[in-house]
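In what follows, a single structure is set out as structure tokens and then discussed.
Residue numbers (this note's numbering), protein chains in the order written: chain A, 666 to 1045; chain B, 175 to 498.
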């Protein structure tokens, strides 16, 4: 009597699978939305800043000032989009958004440089997008520094001094995401977010739907057991979730060319653990809410915002206020995003990720137990 | 646990269910013998569904005790669930699944042995008359078909007791008739049938009936028994011309408890039938209502039920009076 019947769980799974097959809309949602999100975010959400449009007002008009402008234009970070001859023109270019940065080279630029004194060059930055502005200013510093060094070296050579070597020579070498492509960083994280949102949304409807249609009353009068029902309902959605995962990995590889350095098996194993947790959470919401509308809204609130904002997918967790950081420990997507990135970009093995993976397993177990415990074969 | 004699399928003692301050079922006691068709009769909202749900183990009683198939309805609900078939008031199969898929699902849920599966499925399809529609979506079936399919799914595992909650509501008369043939058929094989209804004619088909009103069981017995024993008043049938006008006059006569139109005549309830009959005859003669006949008749169950409910209401208001 007490034992779990695989036959009954399988009967529930088969029935649930038929529901999904008959309901073209929810099946479409389960497959089309992840693809749409991947394409949309993969192409649109780029955090890279390059080819910042610059407008130049070269008051000096000398060989040196032209060299400075050429340095800016020649770097991959800036591209000169126009020249101005008055402040009004500079202002107009920035106001209209044609240029994000204006470079003003003063009249006495060349004289000051040649006489060995510091030569100011003004840079006006559109600060309304603070992130891009900060990055652009950093790039400008680098370009200006390289320019200055170049002049200094030239001057010294001219005056017959030995070749100059700067005391510290920083040579950056980027690991894990060599080209600093933000897409490589976003796609693995995005996969995590998509899995979270879609899976919880799908399962949040399943139990509530049976209560609303009255089929649950019949079902609870049979010998079917809670765990058989919960696991039976999980299985088809688990299959859909893993299919979405496969789709995301394939799109990452062939559409976005994100390198997958770690173990594919480990990647899918971790995705499976994460899925079980999220699907159980969806079922738990459905059991508690007993209404499809409420349950789907609840599932959205519980997954969408936390997985976007608190998972470290877009905004680094280390930059958040302390209390928010603590809350983020409750968001399973946090671990999944970190694990996905580690496996994708660093190629890390399980031995390094055991802590995060362990927390994900714990989350899955807790949700599964809660969902089973919360389901009662009683009315009211 | 309540003691259950072997010949009883259902035993209920002081069963009670409250929803907040509302008492849906108020200390109800009765029992149902094995192989019996027990009709649970009462108006909407009387507590029929609440009682049946407690018996099926899907609603916890607030008080009292009971047993179904020898198992306690408080503590052994899962044992009960594998021995009963339940058909809820609302159609509760999956409308987006086909007839066969619904049967297959429940046959999986009841763990029907693989070698019996096909035979049981064919039996249900034949019983419900759905052989040609086995691949149709359940949503397109008519009310009668749906109801027979629901019954079939509820008895796939050949339970010894079946609970049917208003199985025939909203179904055409021919389908209703057919459904009752099925119930007789099952009872003939020794299955106990517990059925709720508010159709008085259906109550006549039952071996025994219980009348429930405002959560209280106000009478129980065979239909014949109820008509003879419990009808305290006499029922007179009055036939005459212009009976609508006569009704207004008769209602005013002394000794008339109630008068109502019934078919093409009137039913008059009176404590002393003979005396009132004489008065009515006199009245009709005097006022010139032609072709009159006044006869004492065996009351219908409806008469019994209405009379019992009114007696119950009178007692309650009297009690309330005393308490005040």
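Glycine residues also receive a C-beta, built at the ideal position from the N, C-alpha and C atoms. Everything numeric in this text was worked out from a predicted model, so none of it was measured.
Practice item. Indicate whether at least one CB of chain A lies closer than 8 Å to the CB of residue 246 (chain B). Key: Taking a beta-carbon distance threshold of 8 Å, residue 246 (chain B) does not count as an interface residue toward chain A.
Practice item. State yes or no: is the beta carbon of residue 279 (chain B) nearer than 8 Å to at least one beta carbon in chain A? Key: Closer than 8 Å to some Cβ of chain A, the Cβ of residue 279 (chain B) qualifies, so yes.
Exercise for review: Counting only the same chain and skipping the five closest in sequence on each side, list residues whose C-beta sits under 8 Å from that of residue 725 (chain A).
Suggested key: Hits under 8 Å: 770, 771, 772, 773, 774, 775.
Point to revise | Own chain, CB closer than 6 Å to residue 972 (chain A), minus 5 neighbours either side, in chain order | key: The answer, listed in chain order, is 858, 861, 998.
Practice item. Using a Cβ-Cβ cut-off of less than 7 Å, list which residues of the segment 868-886 of chain A approach chain B; keep chain order. Key: Going along the segment 868-886 of chain A in chain order, one finds 879, 880, 882, 883, 885, 886 with a Cβ nearer than 7 Å to chain B.
Practice item. Output, in chain order, the set of chain B residues within a Cβ distance shorter than 8 Å of residue 892 (chain A). Key: Those do not exist, as residue 892 (chain A) stays about 13 Å from chain B at its closest Cβ, beyond 8 Å.
Review point. If we ignore side chains and look at the alpha-carbon of each, how far apart do residue 217 (chain B) and residue 406 (chain B) end up?
Key: Going from the Cα of residue 217 (chain B) to the Cα of residue 406 (chain B) covers about 21 Å.
Practice item. Rounded to whole angstroms, what's the CA-CA distance from residue 1032 (chain A) to residue 269 (chain B)? Just pull it up for me. Key: Pairing residue 1032 (chain A) with residue 269 (chain B), the inter-Cα distance amounts to about 30 Å.
Point to revise | Simplified DSSP state of residue 366 (chain B), which is helix, strand or coil | key: In the structure shown, residue 366 (chain B) sits in a strand (DSSP, three-state: E or B).
Check your understanding: Using 8 Å as the threshold, is the segment 715-723 of chain A in touch with the segment 733-747 of chain A, meaning 3 or more CB pairs across them?
Key -> Cβ pair count under 8 Å is three or more, so yes.
Review point. Is DSSP giving residue 1028 (chain A) helix, strand or coil here?
Key: Of the three classes helix, strand and coil, the one that applies to residue 1028 (chain A) here is helix, per DSSP.
Practice item. Show which residues of chain A have a CB atom less than 7 Å away from the CB atom of residue 227 (chain B). Key: Simply 1044.
Check your understanding: Straight-line CA distance for residue 483 (chain B) to residue 491 (chain B)?
Key -> Taking the straight line from one Cα to the other gives about 12 Å.
**Study point:** Neighbour list for residue 1059 (chain A) in chain B, Cβ cutoff strictly below 9 Å
**Key:** Absent from the structure is residue 1059 (chain A), since the part of chain A shown begins at 666 and ends at 1045.
Practice item. Quickly, what does DSSP pair residue 184 (chain B) with across the bridge? List them, please. Key: Looking at the DSSP assignment, residue 184 (chain B) forms a beta bridge with B:206, B:242.
Practice item. Inspect the beta-carbon positions of residue 475 (chain B) and residue 450 (chain B) and report whether they are closer than 8 Å. Key: Residue 475 (chain B) places its beta carbon 8 Å or farther from that of residue 450 (chain B).
Practice item. Mind the definition here: the segment 389-399 of chain B touches the segment 420-436 of chain B only if three or more C-beta pairs lie below 8 Å; say whether that holds. Key: No, because fewer than three Cβ pairs between the segment 389-399 of chain B and the segment 420-436 of chain B fall closer than 8 Å, the two stretches do not touch.
Check your understanding: If you draw a straight line from the C-alpha of residue 938 (chain A) to the C-alpha of residue 1025 (chain A), how long is it?
Key -> Computed Cα separation, rounded: 7 Å.
Point to revise | Contact list for residue 236 (chain B) against chain A, beta-carbon separation under 8 Å | key: Using a Cβ-Cβ cut-off of 8 Å, residue 236 (chain B) is close to nothing in chain A; its nearest Cβ partner there is about 11 Å away.
Practice item. Pull up the distance between the alpha-carbon of residue 1002 (chain A) and that of residue 794 (chain A), whole angstroms please. Key: Looking at the two C-alpha atoms, the distance is approximately 26 Å.
Review point. Quick one: what does DSSP say residue 345 (chain B) is sitting in, helix, strand or coil?
Key: Three-state result, residue 345 (chain B): coil.
Practice item. Report the neighbours of residue 672 (chain A) on chain B: residues whose CB is nearer than 7 Å to its CB, in chain order. Key: Think of a sphere of 7 Å around the beta carbon of residue 672 (chain A): the chain B residues whose beta carbon falls inside it are 282, 285, in chain order.
Point to revise | Where residue 854 (chain A) sits in the DSSP three-state scheme | key: Helix.
Point to revise | Residue burial classification, residue 238 (chain B) (beta-carbon count within 10 angstroms, cutoff 16) | key: Residue 238 (chain B) comes out buried.
Practice item. In the DSSP assignment, find the alpha helix (DSSP H) that holds residue 875 (chain A) and state where it starts and stops. Key: Note, residue 875 (chain A): alpha helix (DSSP H), 871-878.
Exercise for review: Decide if residue 893 (chain A) is buried, meaning its Cβ has at least 16 other Cβ atoms within 10 Å, or exposed.
Suggested key: With 16 or more Cβ atoms within 10 Å of its Cβ, residue 893 (chain A) is classed as buried.
Check your understanding: So with Cβ pairs under 8 Å, would you call residue 481 (chain B) a contact of chain A?
Key -> Chain A, which has no Cβ nearer than 8 Å to the Cβ of residue 481 (chain B), makes this no.
Check your understanding: Taking Cβ-Cβ distances shorter than 7 Å, what residues in chain B pair up with residue 687 (chain A)?
Key -> Close partners of residue 687 (chain A) in chain B (Cβ separation under 7 Å): 270.
Check your understanding: Which whole-angstrom value describes the C-beta separation of residue 447 (chain B) and residue 477 (chain B), a residue pair presumed to lie in contact below a C-beta threshold of 8 Å?
Key -> Contact flag wrong, Cβ pair sits at about 12 Å.
Review point. Going by C-alpha distance, which of B:336, B:297, B:479, B:317 is nearest residue 403 (chain B)?
Key: Among B:336, B:297, B:479, B:317, the Cα nearest to that of residue 403 (chain B) belongs to B:479.
Practice item. Consult DSSP for residue 666 (chain A) and reduce its assignment to one of helix, strand or coil. Key: Bear in mind that the predicted position of residue 666 (chain A) carries a pLDDT of just 44, short of 50, making it unreliable; the figure below should be weighed with that in mind. Secondary structure of residue 666 (chain A) (DSSP, three-state): coil.
Check your understanding: In terms of alpha-carbon separation, which member of B:386, B:411, B:485 lies closest to residue 471 (chain B)?
Key -> For residue 471 (chain B), the nearest C-alpha among the options comes from B:411.
Exercise for review: With a 10 Å radius around its C-beta and 16 neighbouring C-beta atoms as the bar for buried, classify residue 1040 (chain A) as buried or exposed.
Suggested key: By the beta-carbon neighbour count (other beta carbons within 10 angstroms, threshold 16), residue 1040 (chain A) is buried.
Exercise for review: List the whole-angstrom C-beta distance separating residue 430 (chain B) from residue 481 (chain B), where the pair is believed to meet the contact cut-off of C-beta under 8 Å.
Suggested key: With 8 Å as the limit, residue 430 (chain B) and residue 481 (chain B) do not qualify as a contact, their Cβ atoms being about 13 Å apart.
Check your understanding: Can you find a C-beta in chain B that's less than 8 Å from the C-beta of residue 675 (chain A)?
Key -> Output row for residue 675 (chain A): interface = yes.
Check your understanding: Which residue from A:869, A:784, A:704, A:799 puts its Cα closest to that of residue 950 (chain A)?
Key -> Out of A:869, A:784, A:704, A:799, A:869 has the C-alpha closest to the C-alpha of residue 950 (chain A).
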